[in-house]
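A.B. asks: Have a look at the structure that comes next, please.
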Amino acid sequence: MTVLDERPADVPVVPVAKAKLVIVGNGMAGARAVEEILARGGGDLFDITVFGDEPYGNYNRILLSNVLAGTDDTSEIYLNPVDWYAENGIDLRAGVRIARIDRFARVVQGYDGTSMHYDRLVIATGSRSFFPPIEGMWCDDKTLTSGVFGFRSLDDCEGMLAYARGKKTAVVIGGGLLGLEAARGLQNHGLKVHVVHATATLMNAQLDDAAGAILRRSVEGLGISVHTEARTTAIQVDNGAVTGVTFADGTVLGCDMLVVAAGIRPNVGLAQRAGLTVERAIVVDDHLRSIDDDDVYVVGECAQHRGQVYGLVAPLWEQAAVLADHLTRVDTGAAYHGSRMATKLKVAGVDVASMGLKTPEREDDEFVQFSEAKHGVYKMIIVRDDKLVGATLLGDVSKVAFLVQAFDRGLPLPSERISLLFDIGTPSAEVSAAELADDAQVCNCNGVSKGALVACVQDGEKSVSGVMAKTRAGKGCGSCKSLVQQIVEWAADGDVQVDESSQWYVPGVPYAKPELMDKIRELALHSVSSVFAALVPDGAEDAKSKMGLASLLEMMWAEEYVDERDARFINDRVHANIQRDGTFSVIPQMKGGVTDVAQLRTIADVAEKYEIPMIKLTGGQRIDLLGVRKEDLPAVWADLGMPSGYAYGKSFRTVKTCVGSDFCRFGVGDSTMLGIRIEERFQGISGPGKMKLAVNGCPRNCAEALCKDLGVVAIDGGRWEIYVGGAAGAHVRKGDLLATVDDPDVVMTLVGRFLQYYRESATWLERTYSWVPRFGIDRIRAVVVDDTEGIAARLDADIQKAIDAYTDPWKEAAAPVTPGQFRTSLPLTPLPQVPVR
Amino acid sequence: MTGVREGIDLGSVEQIPVGEGRAYVVDGEQVAVFRLRDGSVRALGGTCPHRGGPLADGLIDGAVVVCPLHGYTYDLITGEETANGGAPVRAYVATVCADGEVRVAMPAT
């Protein structure tokens, strides 16, 4: 080709006016390229114009599944709204499609008549849905038959959502990632969904046959019908709208709408007409430039690099960074060498991770495979020359982090390959503990590094609890305890002193919880002091065991519990949460987060009267009065005249709710009412840890029920999903689905039964987010929902006893239980903090 | 108990519930006095040297008090911190007199 512009490569260009950079395509690749260019000072080098076919800012296409499922609103998936472009001095032409590139004049022309010069051009035209040539698909050259949809853009999504209203059955052609996501999304709107797939294996691009079969079971378990090896030959149309599909064998499947997710094709027509080399996509060099034109860059799904076309987001990020380095001349040596394809995603609610090979290729490839179809779990790895070259995880992706690292970087693998798939003991722990840098902070509460832990072990402390006591690691929020344990085990190199006491329910009484409960029952021990006297060899009390024992005895004996006030933590003695300055926080009950004028007025009056220094809304949808003096507590409660919100104990806290169906446009169930009902019934129940609940009126999760100890979610059709074991504190975990039921009364029963089972089974201070995975959701479901152990009626009766024993502790305001219960313990005069002898 | 030089009376032991602590001012200093389950009393400086927590609000057993803020643990007789290697707290000598009055004094040195 003719070289039109000869610049010596090594002489920096000092532009008089800024050069003109035009980006064709405002999808994830185009917009990311712009962001990367701006991050490298590209705003000073270039006047930037972005052309986008769609009339929007830039959005996250991956989240379209959530929009379709109703879990994200369209407004939530924007990466860069239209304002962002203006703020960064970028000229966005949204809704303008480029018709032609004239590379010789260096001009792009839009279908709207725009003509614009460029000095540098970035093509990021992405892909479009592929519609196989099937009779009945189109009603004319450009328009799909009514009721037929692709699944690629926001418009596709909104079209589907509008059309799906009142429809009963949908067929999705294509059982790959997109097809399954579309199916799950439509199912959320109450449609019966059939997935039609041409080959025998779902997601055959990522999964082998065994994994595909397990995925199929899981998908069918959700109520989606799957038809494999089914080739669609015709689309039935009546009155211009789709009514069904015909298969190659002549059978017909009726439907009200049809989604075609049979793959994507790169948008390369524009590049072809401009004379650029196009094979499967536009061919680029290692700088992401077209091999035909140094001023034209190509990025994303429309680029073909070393024979590969990528359809995932991670390679696209890498490409955009290289492109920006090179285009802005920040690093003219920047080169893209291709991406290793590792994906971790959730397909129709099922976790899937896959990387590298799908099946072993050589005779000496090591192949480790585990399959547990009943539980929807499949795991396999392929090892070649001691390097991981392929892996698939389905249903349980807990080991994916190390596998991806090993795959990407060729890390050495443990000789016991099985430990790559399961936690079977020390090898995997060794790997992660060994990999941490010495200065890596392990305990973020108390600032303890791995090095400090290792030093402590080397100084001779060989027990986990000993190291924790000496370094204070794990003594804050506790979320790092398992990592501390791994590091100690690794540092001690197998020479760890097993400390029996780690199994004890509390440190001062030598029994694990089940044995302890047996003894307490057998000897009829009703008070904390009687437990010490009867079960500790020398009868010694232990201050650090009292709170746990008090909770256990209260749970076991309910009204018969002999409550010794000295066994209570200060919070439980005065029914308020102690603060760092020794004052207390007061949170009145506000059921379901609903309040009224009278309550608000009372709270305002109280805050004013007692000069409350801070009034704060809590995460649990209540009002917190902070900085209350201990001696003021009784008067504050009396003036409030509201029950305690129990925001201080290891107890049932609150039920967060969204506005549900009364006011919300999207609500499908009365979450507010159900939340209030739950809170009224279970208020004040004590347990091994806090119990925070929530009820959502729809799957959008505004009340955050998916990450609560127990969360209830209303779904279409008057049904309720119950999630358990979620958390969003120091530890973040999505809850596991316990059951889906169609009656709020059943929700009430299961909530009570679950809470009672947790109260009995969890160790002291063990929150549901560790108890649920430790016990296993299947076992918990078997007991709580299916009553396989025959204890459901007993659990129901025991939680009822606890409910009957409820009294509002703030009533103690009228008559203190102990002398000086509310006397201050604070310094009366400022004192030196470290006294000098 | 021996070694008491002179004491200050704090009033009836019945002001302190069994197994709990209460705060007093002794000689201009904040003192936490604890009444153990065996009937004896102990007294320590009332403010935790770690972050100023009110020790009288702590849980006790026969040997230690645990600060309610961060779990620093002090020997009820010596005032030594036993869990985290923290600074000690001042220890006083406390007794219950025959008339049921609590008496607190500086230890003999």
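Line order of the protein sequences matches chains A and B. Quick note on numbering: this note's numbering labels position 373 of the first sequence as 373, and the sequence is numbered without any gaps. For this note's numbering, add 1000 to where a residue sits in the second sequence, where the first one is 1. Cβ atoms here follow ideal geometry from the backbone N, Cα and C, with glycine treated the same way.
(1) Should residue 412 (chain A) go down as buried or exposed, given a rule of 16 or more other Cβ atoms within 10 Å for buried?
(2) Hey, quick one: how far does the beta strand (DSSP E) through residue 227 (chain A) stretch, first residue to last?
(3) Are there 16 or more other CB atoms within 10 angstroms of the CB of residue 753 (chain A), so buried, or fewer, so exposed?
(4) List, in chain order, every chain A residue whose beta-carbon is nearer than 8 Å to that of residue 1094 (chain B).
(5) For the segment 813-827 of chain A, enumerate the residues whose C-beta is nearer than 7 Å to any C-beta of chain B, in chain order.
(6) Starting from residue 443 (chain A), trace the beta strand (DSSP E) in both directions and tell me its first and last residue.
(7) Mind listing which residues of the segment 479-506 of chain A have their C-beta closer than 9 Å to chain B's C-betas, in chain order?
(8) Quick one: which chain A residues come within Cβ less than 9 Å of residue 1061 (chain B)?
(9) Spatial neighbours of residue 613 (chain A) within its chain, please: CB distance less than 6 Å, with the 5 preceding and 5 following residues excluded, ordered by chain position.
(10) DSSP on residue 720 (chain A), reduced to helix/strand/coil?
(11) Under the three-state reduction of DSSP, which class applies to residue 1141 (chain B): helix, strand or coil?
(12) Measure from the C-beta of residue 869 (chain A) to each C-beta in chain B and report whether the shortest distance is under 8 Å.
(13) Of all Cβ atoms in chain A, is any one closer than 8 Å to the Cβ of residue 1056 (chain B)?
(14) Does chain A have any CB closer than 8 Å to the CB of residue 1037 (chain B)?
(15) Beta-carbon separation of residue 325 (chain A) and residue 622 (chain A) under 8 Å?
(16) For the candidate residues B:1078, B:1094 and B:1047, whose alpha-carbon lies nearest to that of residue 1063 (chain B)?
(17) Quick one, which residues of the segment 552-576 of chain A are near chain B if we go by CB-CB under 9 Å, in chain order?
(18) Would you mind sorting residue 707 (chain A) into buried or exposed? The rule is 16 or more other CB atoms within 10 Å of its CB.
(19) Residue 169 (chain A): which of A:760, A:186 and A:787 sits nearest, CA to CA?
(20) Going along chain B, which residues have a C-beta under 8 Å from residue 472 (chain A)?
(21) Using 8 Å as the threshold, is the C-beta distance between residue 389 (chain A) and residue 357 (chain A) below it?
(22) So, using beta-carbon positions, are residue 51 (chain A) and residue 18 (chain A) closer together than 8 Å?
(23) Return the chain-ordered list of same chain residues with a C-beta closer than 6 Å to the C-beta of residue 634 (chain A), the five sequence neighbours on each side being excluded.
(24) Grab me the residues of residue 763 (chain A)'s own chain with a C-beta within less than 7 Å of its C-beta, minus the 5 sequence neighbours each way, in chain order.
(25) Check each residue of the segment 579-606 of chain A: if its Cβ is closer than 8 Å to any Cβ of chain B, include it; give the result in chain order.
(26) For residue 469 (chain A), which residues in chain B fall below 7 Å Cβ to Cβ?
(27) Can a CB atom of chain A be found closer than 8 Å to the CB of residue 1023 (chain B)?
(28) Quick one: give me the first and last residue of the beta strand (DSSP E) that residue 80 (chain A) is part of.
(29) So what's residue 326 (chain A) in DSSP terms, helix, strand or just coil?
(30) If the cut is a Cβ gap below 8 Å, which residues of chain A does residue 1064 (chain B) touch?
(31) For the segment 1010-1034 of chain B, which residues have a CB atom closer than 8 Å to at least one CB atom of chain A, in sequence order?
(32) What are the partner residues of residue 149 (chain A), as DSSP defines its beta bridges?
(33) Leaving out five residues on either side along the sequence, give the residues of the same chain with a beta carbon under 7 Å from the beta carbon of residue 271 (chain A).
(34) Please report the Cβ distance between residue 844 (chain A) and residue 631 (chain A), rounded to the nearest whole angstrom; I am assuming they are in contact, meaning their Cβ atoms lie under 8 Å.
(35) If we require 4 or more residues per run, which alpha helix (DSSP H) segments fall completely within the segment 379-433 of chain A?
(36) Is the CB-CB distance between residue 700 (chain A) and residue 666 (chain A) below 8 Å?
C.D. replies: According to the data block:
(1) Result: exposed.
(2) It spans 225-227 - the beta strand (DSSP E) in which residue 227 (chain A) sits, taken as one unbroken run.
(3) Classification of residue 753 (chain A): buried, given that the 10 Å Cβ count is 16 or more.
(4) In chain order: nothing, as chain A lies at least about 16 Å away.
(5) In summary, the residues of the segment 813-827 of chain A whose CB is separated from some CB of chain B by less than 7 Å are 818, 819, 820, 823, 824, 825, 826 and 827, in the order they occur in the chain.
(6) Start and end: 441-443.
(7) Flagged: no residues at all.
(8) Those within 9 Å of residue 1061 (chain B) in chain A are 508, 532, 540, 541, 542, 543, 544, 545 and 546.
(9) Cβ neighbours of residue 613 (chain A) beyond the five flanking positions: 627.
(10) When secondary structure is reduced to three states using DSSP, residue 720 (chain A) falls in the strand class.
(11) Residue numbering for chain B in the displayed model covers 1001 to 1109; residue 1141 (chain B) lies beyond these limits and cannot be assessed.
(12) Since the first and last residues shown for chain A are 1 and 837, residue 869 (chain A) lies out of range.
(13) Answer yes: the Cβ-Cβ gap between residue 1056 (chain B) and chain A drops below 8 Å somewhere.
(14) Chain A contact via Cβ: present.
(15) Against a cut-off of 8 Å, the Cβ pair of residue 622 (chain A) and residue 325 (chain A) comes out as no contact.
(16) Nearest of B:1078, B:1094 and B:1047 to residue 1063 (chain B), Cα basis: B:1078.
(17) Residues of the segment 552-576 of chain A with a C-beta less than 9 Å from any C-beta of chain B: 564, 565, 566, 567, 568, 569, 570, 571, 573 and 574, listed in chain order.
(18) In summary, residue 707 (chain A) is buried, with 16 or more beta-carbon neighbours lying within 10 Å of its beta-carbon over all protein chains present.
(19) Of the candidates A:760, A:186 and A:787, the residue whose Cα lies closest to the Cα of residue 169 (chain A) is A:186.
(20) Neighbours of residue 472 (chain A) on chain B, chain order: 1084.
(21) Yes, these two residues count as a Cβ contact at 8 Å.
(22) Judged by their CB atoms, residue 51 (chain A) and residue 18 (chain A) are not nearer to each other than the 8 Å cut-off.
(23) Excluding sequence positions up to five before and after residue 634 (chain A), its CB lies within less than 6 Å of the CB of 813 and 822, all in the same chain and listed in chain order.
(24) Only 505, 513 and 688 meet the Cβ criterion.
(25) Within the segment 579-606 of chain A, those residues whose Cβ lies closer than 8 Å to any Cβ of chain B are, in chain order, 580, 581 and 582.
(26) Result: 1083.
(27) Against chain A, the CB of residue 1023 (chain B) has a partner CB under 8 Å away; the residue lies at that interface.
(28) Unbroken beta strand (DSSP E) run through residue 80 (chain A): 78-80.
(29) If DSSP states are grouped into helix, strand and coil, residue 326 (chain A) belongs with the helices.
(30) Near residue 1064 (chain B) (Cβ distances below 8 Å), the residues of chain A are 543.
(31) Listed by position along the chain: 1014, 1015, 1016, 1017, 1018, 1019, 1020, 1021, 1022, 1023, 1025, 1028, 1029, 1030 and 1032.
(32) Looking at the DSSP assignment, residue 149 (chain A) forms a beta bridge with A:259.
(33) Here the set comprises 123, 278 and 282.
(34) Since the first residue of chain A shown is 1 and the last is 837, residue 844 (chain A) is not available in this structure.
(35) Positions of the alpha helix (DSSP H) runs, each at least 4 residues long and wholly inside the segment 379-433 of chain A, are given as 400-409 in order along the chain.
(36) Yes, the Cβ-Cβ distance between residue 700 (chain A) and residue 666 (chain A) is below 8 Å.
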